[in-house]
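K.L.:
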Amino acid sequence: MAPGETTLDLAGKQVAVRFLRNRRARRIILRLDQDPDGAENGVVVTLPGRTGIKEGLDLVREKADWVLARLDDLTPRVVFADGAVVPLSDVDHVIRHTSEKRGVVRLGIGEILVSGGTEHLARRVRDWFRAEASGRIRPLVCDKAAALGRTPGRITIRDTKSRWGSCSHDGNLPFCWRLVMAPASVLDYVVAHEVAHLVEHNHGPEFWRLARSLTEDMDGGRDWLKRHGERLHRIG
Ligand SMILES: [Zn+2]
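Per our numbering: the sequence shown = residues 130 to 365.
In structure tokens, the structure reads:
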């Protein structure tokens with residue numbers, strides 16, 4: 130990491146912080162640093178003459194609510210509509226409205242083709258994503274649970290805001306459909322995590338060992354969700 134740059138954890142969100150020095154500044158100045166593709170938006174902290182980096186960081190922490198709200202404003206919202214670009218397994222796909230009367234959704238190469246009335250397009254695409262998520266998540270859950278010698282309870286696909294997946298004490302497993310927009314390895318990690326809870330209901334060392342044994346890149350999956358997960362909630 131370049132000098133004068135760091136990453137700060139604000140309410141679970143990794144925020145890039147860049148420092149500038151300005152001897153004529155009278156106080157510490159915070160402003161948002163907008164990244165063109167929205168993925169690396171952060172904060173710029175201008176420090177007056179003798180003010181240390183620690184004081185700058187303290188101010189960012191103190192203003193965390195403001196920083197997070199501004200960053201949220203900067204994150205673009207993508208609506209499911211003709212021409213919108215949305216990820217499927219982390220690959221951009223263009224939504225295209227086609228002229229056939231009957232309302233169906235088909236997957237093309239780099240495209241999601243939607244027919245029927247435009248007023249139903251967003252709902253059709255959302256339903257299609259949910260079905261796609263279901264089709265990918267169910268077999269993964271079953272395979273991973275079998276590897277642990279467990280039978281999963283009910284697997285449901287929802288639009289959960291705060292968690293990507295969870296596992297109840299009776300083994301029911303709800304997942305967020307938005308995971309299907311993330312890389313396949315990230316989806317795989319979330320499934321592995323929740324399936325490991327069929328055996329270990331805590332986040333102790335044995336839990337992490339089991340979760341790791343069920344997926345290829347656990348750390349990469351966790352990291353990706355921390356950095357990009359929020360963006361998935363702004364689509365559709
Ligand atoms: Zn967990």
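Think of the CB as a built atom: it goes at the ideal place given N, C-alpha and C, for glycine as much as any other residue.
Could you tell me the alpha carbon to alpha carbon distance between L269 and F336, rounded to whole angstroms?
P.N.:
Sequence index remark: in the sequence shown, residue 269 carries index 140 (1-based). Sequence index remark: in the sequence shown, residue 336 carries index 207 (1-based). The alpha-carbon atoms of L269 and F336 are separated by roughly 18 Å.
K.L.:
Keeping to the same chain, check which residues put their C-beta closer than 7 Å to that of A193; ignore five residues upstream and five downstream.
P.N.:
The count along the sequence shown starts at 1 and reaches residue 193 at position 64. So the qualifying residues of the chain are L139, A140.
K.L.:
For the stretch 323 to 353, which segments carrying the alpha helix (DSSP H) assignment without a break, of at least 4 residues, lie completely within its bounds, in sequence order?
P.N.:
The qualifying runs are 334 to 342.
K.L.:
Going by the beta-carbon positions, is the gap between C305 and R287 smaller than 8 Å?
P.N.:
Residue mapping note: residue 305 aligns to position 176 of the sequence shown, counting from 1. Residue mapping note: residue 287 aligns to position 158 of the sequence shown, counting from 1. Yes, these two residues count as a Cβ contact at 8 Å.
K.L.:
Nearest CA to the CA of C271: which residue from V324, R156, A251?
P.N.:
On the sequence shown, residue 271 is found 142 positions in, with the first residue counted as 1. When each option's Cα is compared against that of C271, the closest is V324.
K.L.:
Measure the alpha-carbon distance for L176 versus E359 and round it to whole angstroms.
P.N.:
Within the sequence shown, the letter at position 47 stands for residue 176. Within the sequence shown, the letter at position 230 stands for residue 359. Distance between the alpha carbons of L176 and E359: 29 Å.
K.L.:
Would R147 and V173 be called neighbours here (beta carbons separated by less than 8 Å)?
P.N.:
Taking the sequence shown and counting its residues from 1, one reaches residue 147 at position 18. Taking the sequence shown and counting its residues from 1, one reaches residue 173 at position 44. It is a contact, given that the beta carbons lie within the stated cut-off.
K.L.:
Does DSSP put R231 in a helix, a strand or coil?
P.N.:
Position 102 of the sequence shown, counting from 1, holds the residue named residue 231. DSSP places R231 in coil when its eight states are reduced to three.
K.L.:
Indicate the three-state DSSP secondary structure (helix, strand or coil) for S222 in the structure shown.
P.N.:
Here residue 222 corresponds to residue number 93 of the sequence shown, with the count starting at 1. According to the sequence displayed, residue 222 carries His and not Ser. DSSP places H222 in strand when its eight states are reduced to three.
K.L.:
Regarding H298 and ligand 1, is the C-beta to nearest heavy atom distance less than 7 Å?
P.N.:
Against the sequence shown, residue 298 aligns to sequence position 169. Not so, every heavy atom of ligand 1 lies at least 7 Å from the Cβ.
K.L.:
On the three-state DSSP scale, how would you describe A145?
P.N.:
Along the sequence shown, read from residue 1 onward, the residue named residue 145 stands at position 16. A145: strand per DSSP, three-state reduction.
K.L.:
Under 8 Å, with one C-beta from each stretch per pair, do the stretch 317 to 332 and the stretch 209 to 219 reach the 3-pair mark?
P.N.:
No: the two stretches stay apart, fewer than three of their Cβ pairs being nearer than 8 Å.
K.L.:
Could you compute how far the alpha carbon of V189 sits from the alpha carbon of R155?
P.N.:
Locating residue 189 in the sequence shown gives position 60, counting from the first residue. Locating residue 155 in the sequence shown gives position 26, counting from the first residue. The alpha-carbon atoms of V189 and R155 are separated by roughly 17 Å.
K.L.:
Mind the definition here: the stretch 342 to 360 touches the stretch 243 to 257 only if three or more C-beta pairs lie below 8 Å; say whether that holds.
P.N.:
Flag = no, the stretch 342 to 360 and the stretch 243 to 257 do not touch.
K.L.:
When the Cα of L137 is compared with those of N170, R307, G264, which residue comes out closest?
P.N.:
Reading the sequence shown from its first residue, position 8 is the one you call residue 137. When only C-alpha atoms are compared, the closest one is N170.
K.L.:
Runs of 4 residues minimum, wholly inside the stretch 157 to 202: which ones carry the alpha helix (DSSP H) assignment?
P.N.:
Correct list: 182 to 191.
K.L.:
Mind checking which residues open and close the alpha helix (DSSP H) that includes L302?
P.N.:
The residue you call residue 302 lines up with position 173 of the sequence shown. Premise fails: L302 lies in the beta strand (DSSP E), 302 to 305, not in any alpha helix (DSSP H).
K.L.:
Hey, R253 and G245: beta-carbon distance below 8 Å or not?
P.N.:
Counting from 1 along the sequence shown, the entry for residue 253 is found at position 124. Counting from 1 along the sequence shown, the entry for residue 245 is found at position 116. Yes, the Cβ-Cβ distance between R253 and G245 is below 8 Å.
K.L.:
P281: buried (16+ other C-beta within 10 angstroms of its C-beta) or exposed?
P.N.:
The sequence position of residue 281 within the sequence shown is 152, counting from 1. Buried, because 16 or more other Cβ atoms sit within 10 Å of the Cβ of P281.
K.L.:
Please name the residue, chosen from W195, K230, D299, D221, that lies closest to R160 on a Cα-to-Cα basis.
P.N.:
Start at 1 with the first residue of the sequence shown, and residue 160 comes out as number 31. Considering only alpha carbons, the answer is W195.
K.L.:
So, is R307 buried or exposed, given that buried needs 16 or more other C-beta atoms within 10 angstroms?
P.N.:
On the sequence shown, residue 307 is found 178 positions in, with the first residue counted as 1. R307 is buried by the Cβ-count criterion.
K.L.:
Classify T204 as helix, strand or coil using the three-state DSSP reduction.
P.N.:
The count along the sequence shown starts at 1 and reaches residue 204 at position 75. Coil, per DSSP.
K.L.:
Tell me which residues share the same chain as D187 and place their Cβ nearer than 7 Å to its Cβ, disregarding the 5 neighbours each side in the sequence.
P.N.:
In the sequence shown, residue 187 corresponds to position 58, counting from 1. Within the same chain, D187 has no close Cβ partners at all.
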